[in-house]
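Our numbering applies: residue 8 is where the sequence shown begins, and numbers increase by one.
Everything below concerns the one structure shown next.
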Amino acid sequence: MQRYILSKKNSITLIGAILIALAFFGRFSLDNMAIFNWSLIIASILGVAPIAIQAFQALKVKVVSIDVLVTIAVIGAVLIQNYEESAIVTFLFLFGSYLEQRTLNKTRSAIKELTELAPESALKQMENGEFEEVDVDDVDEGDILLVKTGAKVPVDGTVLTGEGHINEASITGESVPVSKRVDSEVFAGSILENGTIQIRADRVGEDTTFGRIIELVEEAQDSKSGAERFIDRFSKYYTPAVLVLGFIVWFFSKDIELAITILVLGCPGALVIGVPVSNVAGIGNGARNGVLLKGSEVINDFSRVDTIVFDKTGTLTVGNPEVAEKEFYGNNTEEILGYLASVERESDHPLAKAVLQDIGETTFYTVEETEVVKGGGIVAKIGVHRIAVGNVALMEKENVKLSEKAKKDVERFEKNGNSLVLTAVDGELNVLMGIRDQIRPGVKKDLQKLKKLGVKNLVVLSGDNQGTVDLVARELGLTEAHGHMLPEGKSAYIEKMQAKGQLIAFVGDGVNDSPSLALADIGIAMGSGTDVAIETSDVVLMNSDFSRLPHALGLTKSTSRNMKQNITIAVGVVLVLLASLLFSEWMNMSIGMLVHEASILIVILNGMRLLRYRLRG
Numbered sequence: 008m009q010r011y012i013l014s015k016k017n018s019i020t021l022i023g024a025i026l027i028a029l030a031f032f033g034r035f036s037l038d039n040m041a042i043f044n045w046s047l048i049i050a051s052i053l054g055v056a057p058i059a060i061q062a063f064q065a066l067k068v069k070v071v072s073i074d075v076l077v078t079i080a081v082i083g084a085v086l087i088q089n090y091e092e093s094a095i096v097t098f099l100f101l102f103g104s105y106l107e108q109r110t111l112n113k114t115r116s117a118i119k120e121l122t123e124l125a126p127e128s129a130l131k132q133m134e135n136g137e138f139e140e141v142d143v144d145d146v147d148e149g150d151i152l153l154v155k156t157g158a159k160v161p162v163d164g165t166v167l168t169g170e171g172h173i174n175e176a177s178i179t180g181e182s183v184p185v186s187k188r189v190d191s192e193v194f195a196g197s198i199l200e201n202g203t204i205q206i207r208a209d210r211v212g213e214d215t216t217f218g219r220i221i222e223l224v225e226e227a228q229d230s231k232s233g234a235e236r237f238i239d240r241f242s243k244y245y246t247p248a249v250l251v252l253g254f255i256v257w258f259f260s261k262d263i264e265l266a267i268t269i270l271v272l273g274c275p276g277a278l279v280i281g282v283p284v285s286n287v288a289g290i291g292n293g294a295r296n297g298v299l300l301k302g303s304e305v306i307n308d309f310s311r312v313d314t315i316v317f318d319k320t321g322t323l324t325v326g327n328p329e330v331a332e333k334e335f336y337g338n339n340t341e342e343i344l345g346y347l348a349s350v351e352r353e354s355d356h357p358l359a360k361a362v363l364q365d366i367g368e369t370t371f372y373t374v375e376e377t378e379v380v381k382g383g384g385i386v387a388k389i390g391v392h393r394i395a396v397g398n399v400a401l402m403e404k405e406n407v408k409l410s411e412k413a414k415k416d417v418e419r420f421e422k423n424g425n426s427l428v429l430t431a432v433d434g435e436l437n438v439l440m441g442i443r444d445q446i447r448p449g450v451k452k453d454l455q456k457l458k459k460l461g462v463k464n465l466v467v468l469s470g471d472n473q474g475t476v477d478l479v480a481r482e483l484g485l486t487e488a489h490g491h492m493l494p495e496g497k498s499a500y501i502e503k504m505q506a507k508g509q510l511i512a513f514v515g516d517g518v519n520d521s522p523s524l525a526l527a528d529i530g531i532a533m534g535s536g537t538d539v540a541i542e543t544s545d546v547v548l549m550n551s552d553f554s555r556l557p558h559a560l561g562l563t564k565s566t567s568r569n570m571k572q573n574i575t576i577a578v579g580v581v582l583v584l585l586a587s588l589l590f591s592e593w594m595n596m597s598i599g600m601l602v603h604e605a606s607i608l609i610v611i612l613n614g615m616r617l618l619r620y621r622l623r624g
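The structure is reproduced here in structure tokens:
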């Protein structure tokens, strides 16, 4: 019965409105007080039923909720035969609840849009070679799938045949279609706008990038910030306090109507809903714009950040370096390049890829006893030769003597902004390569936006040589630049800054800089929703799009400001209502409830403004 009544709340609200209208029609048009009173009594009884059920359910778990206050107030109003106010209060409370739910649903629209994009079926290649439509849950890793024009990509996978343009807005927030061909990576939830492709399923179900994004954002919306937890505790004690206040007022004044009105006016509804709606709307805006914020606490901390520390490669730079300069020392250049290519083939470092691309076709040798030297490079054996490939520090460790010419070349390469890769065979330097990475387009403008948003310090930490880092810092106008830094050095630097009272955000690629991402007050990963980026960081900038960083910071500042506005509105309305009740003649229960419900809608609508937030300039 209880469940049935609660399911009919909206119908009861409508019936209540009709009965109230009938009551006033009977009184003023027909001059019939019986119609007036009985219509209001029925409206009061019907209206209080779902409210009383919710109050009872709250009391069962030892919570004195707003519903308890309203139920007592309505019953009291009926007992003193104030049917007009009892009926109007129940109607306003139920109608306010209806509007509140409608508007709250809109704040979750970004997540709803995401979940609606989740694919439900796929064209799977069966044993006979034919493609049949199956439920997406029946797709396993390694299956071959067909995606036609206009269809959603059902899983994360790799293109095997065909080509086309895919809209990846659900993953990256970028609506411009991306060209895909053989060996390209595709994501579940994206849409093939033209072409036909066959893909191999690499990640399925909740393991897909799209599945992880939805899971992350839903968890973020369900999490509570410190402010929300405080308000929960506050309302837990505040609501019983209002009940006690009402009893004290009745005990000393013997004015039961005044006591009942205090119960209605003291409802903390706007205070309870104000902070969550701001956070939900902020997280929803971020999700729609390629910024994943991992919870309400992240929003609060990120909004107060005064120092942002950046990794260089792949963050401030494109992350696709190329060999710009090179010098050779000694003979047997072709053989040495073969050794170098063979060793670099063992690494997936961006500099190694640049070296291999520059060398091109060559003779590869069998590499033995490979040793990765942290922050230095690689040492390996090829036949009887000991090969060292890395930076100057590695050469010193390997006791490789640099000639005067080599030292001058190293200095010149560094001044030109190159990262250095030196190759030594059996303790003799043979090759010096200077590799440069291009600064991300528009990153300087984005950094200026961060400064306008109140970030005082912009710092770059990199494992590259100091000359390269200084060059980047000068070009971008950074506050500090530190090179030759190992991962533990970056972590130590962040700890030192935090000890000085600075609130630090670290921006990295989510792989090599996991310690720094975890240690910083806010870890921001540049990535396309990879597992490591999502697990390690507090914020993920989808598609490694640096331009989303100013939007993310501006959004968190606006969300934090919006939350404070809602708290001020909620507390201010309660104080004004109680003051009006005690020091004026015009305030009554119906007006108080109307203002109370209006305040709830105001804080919700104020929070919903965040859904349309865009960073200016």
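Backbone N, C-alpha and C fix where the C-beta goes; we use that ideal spot for every residue, glycine too.
Exposure of Ile87 is indicated by the presence of fewer than 16 other C-beta atoms within 10 angstroms of its C-beta. By the beta-carbon neighbour count (other beta carbons within 10 angstroms, threshold 16), Leu584 is buried. For Met594, no alpha helix (DSSP H) segment is defined, and its DSSP state is neither H nor E. For Thr20, the three-state secondary structure derived from DSSP is helix. It is roughly 8 Å from the alpha-carbon of Ile290 to the alpha-carbon of Lys301. The DSSP-derived three-state label of Asn398 is coil. Under DSSP, no beta-bridge partner is assigned to Glu342. With fewer than 16 other CB atoms across the displayed protein chains lying within 10 angstroms of its CB, Ile255 is exposed. In terms of Cβ geometry, Leu299 and Val547 form a close pair [threshold 7 Å].
Excluding the 5 residues flanking it on each side, Ser544 has same chain C-beta neighbours closer than 7 Å at Gly517, Leu524, Gly530, Ile531, Ala532, in chain order. About 6 Å separates the beta carbons of Ile389 and Ser349, which is inside the 8 Å limit, making them a contact pair. Assigned with DSSP and collapsed to three states, Asn437 falls in strand.
For Asp214, the closest C-alpha among the options Val185, Gly164, Pro184, Trp257 is that of Gly164. With a cutoff of 7 Å on beta-carbon distance, Leu454 and Leu468 are scored as not near each other.
When DSSP states are grouped into helix, strand and coil, Met504 belongs to the helix group. Sorting Asp433, Ser410, Val417, Val362 by C-alpha distance to the C-alpha of Ala395 places Asp433 at the top.
Rounded to whole angstroms, Arg447 and Val362 show a C-alpha spacing of 21 Å. Relative to the Cα of Met594, the nearest Cα in the group Phe217, Ile151, Phe309, Glu264 belongs to Glu264.
Nearest to Leu612 by alpha-carbon distance, out of Ile576, Ala84, Phe258, is Ile576.
Here Val514 carries a strand assignment [DSSP, helix/strand/coil]. Taking the C-beta atoms as reference points, Leu358 is found no nearer than 7 Å to Val462. Only buried fits Arg555, as 16 or more other CB atoms lie within 10 angstroms of its CB. Taking a C-beta distance under 7 Å as the contact criterion, His172 and Ser191 do not qualify as a contact pair.
Taking C-alpha positions only, Tyr336 is separated from Met402 by approximately 15 Å. Non-local beta-carbon contacts of Ile366 in its own chain, meaning distances under 6 Å to residues more than five positions away in sequence, involve Leu344, Ala348 in chain order. Ala56: member of the alpha helix (DSSP H) spanning 40-67, first to last residue. For Ile269, the enclosing alpha helix (DSSP H) has its first and last residue at 263-272.
Judged by their CB atoms, Ala288 and Gly614 are nearer to each other than the 7 Å cut-off. By the 16-neighbour rule on beta-carbons within 10 angstroms, Lys497 is buried. A straight-line Cα-Cα distance of about 10 Å links Asn174 and Phe194. DSSP lists Ser128 as the bridge partner or partners of Asp142.
The residue from Thr475, Lys456, Gln364 with its alpha-carbon nearest to that of Thr320 is Thr475. Val271 is a Cβ neighbour of Met596, given a cutoff of 7 Å. In the three-state DSSP reduction, Ala158 falls in the coil class, being neither helix nor strand. For Arg207, the uninterrupted beta strand (DSSP E) run begins and ends at 198-210, by DSSP. Gly164 carries a strand assignment under DSSP once its states are collapsed to helix, strand and coil.
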